[in-house]
Amino acid sequence: MLSTAPIRAYIPAAHLERARKFYEEIVGLKPAEAYAGGVVYICGGAVAELKARGVVFEEYTMPGIPMKNGIATAGGAKTAWFKDSEGNIMAVSQRLQ
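To convert, note that position 56 of the sequence shown is 55 in numbering that gives the first Met the number 0; the numbers rise steadily by one, no gaps.
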């Protein structure tokens with residue numbers, strides 16, 4: 000059942016309008032659905048595109064994990080992290096083929 004269900008992440012926001020502005024104007028996500036107290040977004044995009052829109056990626060030092068231009072490569076994936084307008088640490092990740 001869950002193998003074909005859409006994935007949804009619930010991200011806490013103290014100020015919904017500030018969070019919406021960040022995700023829509025800075026990250027560039029398009030709202031698919033809005034309801035009282037929340038928004039559903041369509042996700043996708045590249046780190047370079049997000050950087051061009053003003054997203055600042057975090058630099059973390061992790062032993063044994065190479066990091067280049069803010070992107071870590073480990074465990075069969077490339078991952079980068081950023082903080083949203085509410086201080087939540089978000090990750091974007093891509094599996095390596």
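Glycine included, C-beta positions come from ideal geometry on N, C-alpha and C.
Coil, strand or helix - residue i by DSSP
{"i": "Thr60", "result": "coil"}
{"i": "Ala79", "result": "strand"}
Near the ligand COA: residue i beta-carbon under 6 angstroms from a heavy atom
{"i": "Ala47", "result": "This structure lacks the ligand COA, and indeed carries no ligand of any kind."}
Exposure label - residue i; buried when at least 16 CB within 10 Å
{"i": "Val55", "result": "exposed"}
{"i": "Leu1", "result": "Unreliable positioning characterises Leu1 in this predicted model, as indicated by a pLDDT of 48, which lies under 50. A coordinate reading is not provided."}
{"i": "Gln93", "result": "exposed"}
Sequence-distant residues of the same chain with beta carbon closer than 7 angstroms to residue i, five excluded per side
{"i": "Ile25", "result": "Arg52, Gly53 and Val54"}
Neighbourhood of residue i by C-beta distance below 6 angstroms, restricted to the same chain and skipping five residues each side
{"i": "Leu28", "result": "Tyr22 and Tyr40"}
{"i": "Ile98", "result": "For the chain, the structure presents residues 0 to 96; residue 98 sits outside this window and is missing."}
{"i": "Trp80", "result": "Glu57, Ile88 and Ala90"}
Opposing strand residues paired with residue i [DSSP bridges]
{"i": "Ser92", "result": "Thr78"}
{"i": "Gly37", "result": "Tyr34"}
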